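Numbering (the numbering used here), first residue to last: 582 to 788. Built from N, CA and C at the ideal position, the CB exists for glycine as well. As the structure is a prediction and not an experimental result, all values here were calculated from the model.
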Ligand code: FE
């Protein structure tokens, strides 16, 4: 078990940073230099586009390249860094692969540890107490609320993130994607699929 001080270290820094960003935003808005709606749009972009695209690239490469997939399984930190996505504070990454019989779900029960380098900003629900507690107590119920219904025979493993170790879920590659380019495959991989609250999109839904 890691110690709580270390665990929360990055979150304290994040809070400081958020406070500074908020103060700067207020000053600039008062001076009429920026439009808060424009800032919200930028944050939204980082939450849903830029960040998760890094992770989607990692997943698509793992689907396409068995050697990379092995490397990712054995040393995710190095494999991910090889694509240029390095952790901000030297945290380690672990990739957990969904299979026929096991689905993986990631949470941070204590705060909001999250793999920033591959997923960008965490969604609001990831930081919410309801998700943090219920993901552990009733993962199947939580998944159902996200619209993911798994067969009873499929095990769900829940991974509790820390400041030292962050998890990336590698969803199962959808059928009907043989021969697809990495770029096209990456379009099937959502942020939620890499947290485990979603699945990779099937090709019919992709277009
Ligand atoms: Fe945390």
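Assigned exposure category for residue i - 16 Cβ within 10 Å defines buried
i	result
residue 673	exposed
residue 718	exposed
residue 661	buried
residue 749	buried
Residue i versus residue j - alpha carbon distance
i	j	result
residue 708	residue 741	13 Å
residue 803	residue 607	The question about residue 803 has no answer, for the chain in this structure spans 582 to 788.
residue 643	residue 653	7 Å
residue 758	residue 681	17 Å
residue 622	residue 616	10 Å
residue 774	residue 780	5 Å
residue 720	residue 710	14 Å
residue 688	residue 714	9 Å
residue 646	residue 604	45 Å
residue 593	residue 657	Since pLDDT at residue 593 reaches only 47, below the 50 mark, its modelled position is unreliable, and no value is offered.
As assigned by DSSP and simplified to three states, the class of residue i
i	result
residue 593	Low local confidence applies: a pLDDT of 47 at residue 593 is under 50, so the model's placement there is unreliable, and no value is given.
residue 686	strand
residue 604	helix
residue 705	helix
residue 637	helix
residue 677	strand
residue 666	coil
residue 632	helix
residue 615	coil
Any non-hydrogen atom of the ligand NAD closer than 7 Å to residue i Cβ
i	result
residue 744	Among the ligands in the structure shown, the ligand NAD does not appear; only the ligand FE can be found there.
List in chain order: all unbroken alpha helix (DSSP H) runs of 4+ residues lying wholly within the region 723 to 763. Secondary structure remark: continuous alpha helix (DSSP H) runs of at least 4 residues inside the region 723 to 763: none found.
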